[in-house]
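Numbering-wise (our numbering), the sequence shown opens with residue 13 and increments by one. Don't be surprised by glycine CBs; every beta carbon is placed ideally from N, CA and C. Report on the following structure.
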Amino acid sequence: MRKMKFLLAVFFMIFSVAMTGCGSKSDIGVKSVAICFPNTTPSWQRNAAALQSHLEEDGFTVDVKSSATVEEQQKQIEEALQHKPKCIVIGAIDSAALVDVLEDAKKYEVPVIAFDRIILNTDAVSYYASFDNDAIGEAQALYFEAALNLNSGGGPYNIEFFAGGSADNNAHIFFKTVKDMLDPYLKKGQLVCRSGQTDFNSVAVKDWQAENARPRIRELLSKYYSGGETLHAILAPNDEIAGVILEEIQRAGRPVPLISGLDGDPKAIERIKNGQQTFTIAKDPDVLTAKCFRMVKAVVEGTQPDINDVTTYNNGVKIVPAYLCTPQIVDKTNVNNF
Ligand code: BGC
């Protein structure tokens, strides 16, 4: 009898230890999320911090990784997946370079949410949380059209184009939308691109690194606008790049052109207030990260996330269900609300 009791006690102890172990493991596991973002621009850092805080406030354990290069990001994703989080949120540096590394997500059954940038050529991606990228390009083009009265025959105005980095799918969407809408005015001569550089590859800023735009704007100014010609308008694909272009315009003592932006960076908001940058398209990190947070929560809890687009984002393998937030135009008329 004593022996029996002893054996029962030992069994109970082993059972409790085992259960405690299971309990703590799944406590960590149940609400663990990995965030793998680029660290290449301040807007990515703002987004990572905002998403992390939404998740942590809700009791998630968050593994945040940020990278500067494609290779570093691939490694970080691989590492994050080894811990089998309940969900991984990725802001891809190169939209097409994650096919192999995301095989592990399938193997470990980790749902993948693409953040801001779609991930191409893989069925491992479950959902996409972004701003409406077509609407961004459209808003930029419409602003130029209205500000230069193109609709009612305004012009001729000189314009130069810049686009984002070619590895990012968004950069292509933004540029194509703007170009398609402004092309008729280039054809009619209401817009004139003196450099003749109007195709994506000629105007892309490598890796979206604003400094990479500096030599090109310098060259444009000295080659095509040194004989008294005015550069009336510049398509800048985001605020950081607009900032560098404007520095060069000022350094060369040229008049401030009509110039776009994207993101609603604090520095751009200041420039709009000072009358330097004409407008930006604000992508409020709180709006997107709040949406993405709810998407993660739904995925982890096994419910259906809120989706408002099931047709646009064919990533080459599947149509990725998406939630696309609405961006906001900011110019001198409403900048004081920001
Ligand atoms: C984003 C922009 C951002 C750019 C550079 C794009 O994919 O949509 O908001 O400015 O990347 O990071």
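* What does DSSP give as the partner residues of I284 in its beta bridges? -> I284 pairs with nothing; no bridge assigned.
* Cβ shell of I281 (< 8 angstroms), same chain only, five flanking positions each side left out -> T292, V342, V347 and F350
* **Proximity winner among K309, T324 and T323, relative to P317 (alpha-carbon distances)** => K309
* beta-carbon L274 near the ligand BGC non-hydrogen atom, thresh 8 angstroms -> yes
* To do: Starting from the C-beta of S36, find all residues in its chain whose C-beta is less than 7 angstroms away, skip the five residues before and the five after it, and write them out in chain order.
  => Note that S36 scores a pLDDT of 32, beneath 50, so its modelled location is shaky; the value from the coordinates is reported in the next line. Here the set comprises nothing.
* **Own chain, CB closer than 6 angstroms to A136, minus 5 neighbours either side, in chain order** => L114, A117, K118 and V124
* As assigned by DSSP and simplified to three states, the class of D144 -> coil
* Out of H244, P249 and D275, point me to the one whose CA is closest to V268's CA. => Measuring from the Cα of V268, the nearest candidate turns out to be H244.
* **Exposed unless 16 or more other CB atoms sit within 10 angstroms - verdict on R263** => exposed
* Assigned secondary structure, K87 (DSSP; H/G/I helix, E/B strand, else coil) -> Looking at K87 - three-state DSSP - the assignment turns out to be helix.
* Asked: Is A126 helix, strand or coil when you go by DSSP?
  -> strand
* Rounded C-alpha distance that separates G265 from V190 -> Cα to Cα, the separation comes out at about 28 angstroms.
* Regarding P50 and the ligand BGC, is the C-beta to nearest heavy atom distance less than 8 angstroms? -> P50 Cβ: within cutoff of the ligand BGC.
* Consult DSSP for F187 and reduce its assignment to one of helix, strand or coil. => helix
* **Closer than 8 angstroms: S55 CB and nearest the ligand BGC heavy atom** => yes
* Please find out if some non-hydrogen atom of the ligand BGC comes closer than 8 angstroms to the beta-carbon of N161. => no
* In chain order, what residues of the same chain lie with their CB nearer than 6 angstroms to the CB of A159, ignoring the 5 residues before and after it? -> L270
* **Neighbourhood of Q88 by C-beta, 6 angstroms cutoff - its chain only, sequence neighbours within 5 removed** => C48, K77 and S79
* Taking the alpha-carbon positions, what's the M193 to P227 distance? -> 27 angstroms
* P97: which of V45, G166, K218 and T52 sits nearest, CA to CA? -> V45
* Simplified DSSP assignment, three categories, for S78 -> strand
* Asked: When the Cα atoms are used, what is the spatial distance from I378 to D298?
  -> Here the chain has residues from 13 to 350 only, and residue 378 is not among them.
* Along the chain, which unbroken stretches of the alpha helix (DSSP H) at least 4 residues long are found entirely within the stretch 231 to 277? -> Those alpha helix (DSSP H) runs which fall completely within the stretch 231 to 277 and span 4+ residues are 251 to 263.
* S142 and F156: beta carbons closer than 9 angstroms? -> No, these two residues do not count as a Cβ contact at 9 angstroms.
* Verify the contact flag: K295, CB atom, against every heavy atom of the ligand BGC, threshold strictly below 8 angstroms. => yes
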